[in-house]
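Under the numbering used here, the residue at position 7 of the sequence shown is numbered 5, and the numbers go up by one with no gaps.
We put the beta carbon where it would ideally sit given N, CA and C, even for glycine.
None of the values given here were measured: they were computed from a predicted structure.
Read the structure below first, then the notes.
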Amino acid sequence: PDPLKPLGLSTCACILAAITPDGDEEAVVRPYTPISTNRDIGTFDLLIKAYPDGKASSAITSLEVGSNKVSFLHIPPNVKIQYPFDQPKFIGMIAGGTGITPMMQALHALLGE
């Protein structure tokens, strides 16, 4: 990311992460939803579960801090429909699996964090 700007994603949008695992010739590309907010300047956080047989997750979670082996890209189709988060009186949320990180983004938007 640009060190002087926020990531600038809309709520529940994801970015594509590409990495070439050791021993492979082709990059593996997977979508990930950042758990950080647009208040963060020049950085973003991802929550990635490492699956034993997952090519992308295993490769990414085994990297050293500061590694530059992953490239990121945001494309317009990765933006979800935006709900007007205007002072809701009641909200019920259930999430699991791949729905946890978009739910975290929605909570950031709802709680103003």
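Below 8 angstroms, enough C-beta pairs join the segment 48 to 58 and the segment 13 to 30 to call them touching: three or more. At least 8 angstroms separates the beta-carbon of Cys12 from that of Ala104.
Counting of Cβ neighbours within 10 angstroms places Leu7 among the buried residues, the total reaching 16 or more. Going by C-alpha positions, Asp51 is about 13 angstroms away from Ser60. DSSP places Pro29 outside any alpha helix (DSSP H); the residue lies instead in the beta strand (DSSP E), whose first and last residues are Val26 to Tyr30. Each of Ile33, Ser69, Phe42 and Lys47 was checked against the Cα of Leu14, and the nearest Cα belongs to Ser69. Taking C-alpha positions only, Leu45 is separated from Ile73 by approximately 20 angstroms. Assigned with DSSP and collapsed to three states, Ser55 falls in helix.
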